[in-house]
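Accompanying notes for the structure given below.
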Amino acid sequence: MSLPDGVERRSFDDRQRLATRGDPVYGEPTDGPWRLWDAGRSKLGAMLELGLDTGLSGGESVLYLGAASGTTVSHVADFAGPTYAVEFAPRPTRDLVDVAAARPTLFPLLKDARRPETYAHVVESGLDVLVQDVATRGQARVAARNRTFLDPDGRLLAAIKARSEDVTRDPSAVFEDVLDDLRGSYEVLETARLDRYHDDHLAVVARPREE
Ligand SMILES: C[S@@+](CC[C@H](N)C(=O)[O-])C[C@H]1O[C@@H](n2cnc3c(N)ncnc32)[C@H](O)[C@@H]1O
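For the sequence shown, counting from 1, position 43 maps to 1357 in my numbering; every step adds exactly one.
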């Protein structure tokens, strides 16, 4: 599967790894203007490494839910267009604001992704991509509530963390339930376990169903 424009495989320590062009954020190695995008620290990076058909080609408008300190969303902003980054914990959001200072198209929002009505006045609709990595109970509900921002031809790229839903159940059973819930508002196009990079996480590529 081809990588989006602005994402390349480059050699770091004699291994071909993903990289984007931008200011370093988390101490990652650099090669001139390129910085390593570490799939072990990024579920979206892992999706690209594993060759999922994300539909990303570069320049997309993005809503990113669960931005934390900006590790992954900084790479997204390096190759995408306007990138709205929602995070509800104040401490990581402070770091995220620093990350955004060097990236004019990255807009940090200290908001709760379960309450999209609180940022609907800031975030445009008709977005190309909704990236979700919230690691919270009710991940399908969060995706459903934020579908309103997506273009009908847009894509949901979600990382579902089994332990966030239920630490006691078998992850496969949890994933089936989350997918069943997601199917109420999305058509699931592809799924893949991310265990090679992230234990007990399922990647989901989906498109919104008509409302
Ligand atoms: C696994 S971390 C995200 C890592 C990040 N996506 C990355 O790759 O750099 C999950 C984040 O989701 C945030 N989160 C959980 N529930 C949330 C909610 N309802 N609204 C916004 N952020 C939430 C957590 O505070 C945490 O920072």
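Ideal Cβ positions, reconstructed from N, Cα and C, are used throughout, including at glycine.
Values in this document were obtained by computation on a predicted structure and should not be read as measured data.
Beta-carbon within less than 8 Å of Ala1432's beta-carbon, same chain only, minus the 5 sequence neighbours each way: which residues are those? Taking the first residue of the sequence shown as position 1, residue 1432 is located at position 118. According to the sequence displayed, residue 1432 carries Thr and not Ala. Short of 8 Å from the beta carbon of Thr1432, and not among the five residues preceding or following it, lie these beta carbons of its own chain, in chain order: Lys1425, Asp1426.
Please name the residue or residues paired with Thr1505 in a DSSP beta bridge. The residue labelled residue 1505 in the question sits at position 191 within the sequence shown. Per the DSSP secondary-structure output, Thr1505 pairs in a beta bridge with Val1518.
Run through the DSSP bridge pairs and tell me what Ser1325 is partnered with. Position 11 of the sequence shown holds residue 1325. For Ser1325, which the question treats as bridged, DSSP gives the partners Gln1330.
When the Cα atoms are used, what is the spatial distance from Val1339 to Arg1331?
Taking the sequence shown and counting its residues from 1, the one referred to as residue 1339 is at position 25. Taking the sequence shown and counting its residues from 1, the one referred to as residue 1331 is at position 17. One C-alpha to the other measures close to 17 Å.
| query | So what does Leu1410 bridge to, in DSSP terms? | reply | Here residue 1410 refers to the residue found at position 96 of the sequence shown. In the DSSP assignment, no residue is bridged to Leu1410.
Handout entry: Residues sharing a beta bridge with Gln1446, DSSP
Key = Residue 1446 sits at position 132 when you count from the first residue of the sequence shown. Gln1446 is bridged by DSSP to Leu1379, Ala1472.
Let me check understanding here. Comparing Cα to Cα, which of Val1413, Gly1498, Ser1375, Ala1472 lies closest to Val1437? The residue given as residue 1437 occupies position 123 in the sequence shown. If we check each option's Cα against that of Val1437, Ser1375 comes out closest.
* Asked: How many Å lie between Thr1397 and Gly1384 at the Cα?
  -> As a position in the sequence shown, residue 1397 is number 83, starting the count at 1. As a position in the sequence shown, residue 1384 is number 70, starting the count at 1. Roughly 12 Å between the two C-alpha positions.
Other residues of its chain near Ala1416: CB distance less than 6 Å, five sequence neighbours each side excluded: Walking along the sequence shown from the start, residue 1416 turns up at place 102. Excluding five sequence positions before and after Ala1416, the CB atoms of its chain that fall closer than 6 Å to its own CB belong to Asp1337, given in chain order.
Check your understanding: Using a threshold of 7 Å, is the CB atom of Gly1341 nearer than that to any non-hydrogen atom of ligand 1?
Key -> Counted from its first residue, the sequence shown places residue 1341 at position 27. Not under cutoff, so the answer is no.
Looking at Phe1463 and ligand 1, is the gap between the Cβ and the nearest heavy atom below 7 Å?
By 1-based counting over the sequence shown, the position of residue 1463 is 149. Result no, Cβ not under 7 Å from ligand 1.
Q: Tell whether a beta-carbon distance below 8 Å holds between Ser1486 and Thr1450.
A: Residue numbering aside, residue 1486 sits at position 172 when the sequence shown is read from its first letter. Residue numbering aside, residue 1450 sits at position 136 when the sequence shown is read from its first letter. Not a contact, by the Cβ cut-off of 8 Å.
Handout entry: Nearest neighbour of Tyr1500, chosen from His1512, Val1456, Gly1395, Arg1507 [CA to CA]
Key = To locate residue 1500, count along the sequence shown from 1; it is residue 186. Of the candidates His1512, Val1456, Gly1395, Arg1507, the one whose C-alpha sits nearest the C-alpha of Tyr1500 is Val1456.
Expressed to the nearest angstrom, what Euclidean distance is found between the alpha-carbon atoms of Thr1462 and Asp1327? Residue numbering aside, residue 1462 sits at position 148 when the sequence shown is read from its first letter. Residue numbering aside, residue 1327 sits at position 13 when the sequence shown is read from its first letter. So the two alpha carbons sit approximately 43 Å from each other.
> Quick one: Cα of Ala1473 to Cα of Leu1366, how far?
Replying inline: Here residue 1473 is taken as the residue at index 159 of the sequence shown, counted from 1. Here residue 1366 is taken as the residue at index 52 of the sequence shown, counted from 1. When only Cα atoms are considered, Ala1473 and Leu1366 end up about 12 Å apart.
Buried or exposed: which applies to Asp1509, given that a residue is buried once 16 or more other Cβ atoms fall within 10 Å of its Cβ? Counting from one through the sequence shown, the residue named residue 1509 turns up at place 195. Burial call: exposed.
Please give me, in chain order, every unbroken run of the alpha helix (DSSP H) with length at least 4 that falls completely inside the stretch 1475-1499.
1476-1479, 1485-1496, all fully within the stretch 1475-1499.
Exercise for the section: Can you say whether Arg1405 is buried or exposed, counting buried as having 16 or more other CB atoms within 10 angstroms of its CB? Expected result: Locating residue 1405 in the sequence shown gives position 91, where the first residue counts as 1. It is exposed - the Cβ of Arg1405 has fewer than 16 other Cβ atoms within 10 Å.
- Comparing alpha-carbon positions, which option in Phe1402, Val1519, Leu1420, Arg1507 lies nearest Thr1386? Taking the sequence shown and counting its residues from 1, the one referred to as residue 1386 is at position 72. Among Phe1402, Val1519, Leu1420, Arg1507, the Cα nearest to that of Thr1386 belongs to Leu1420.
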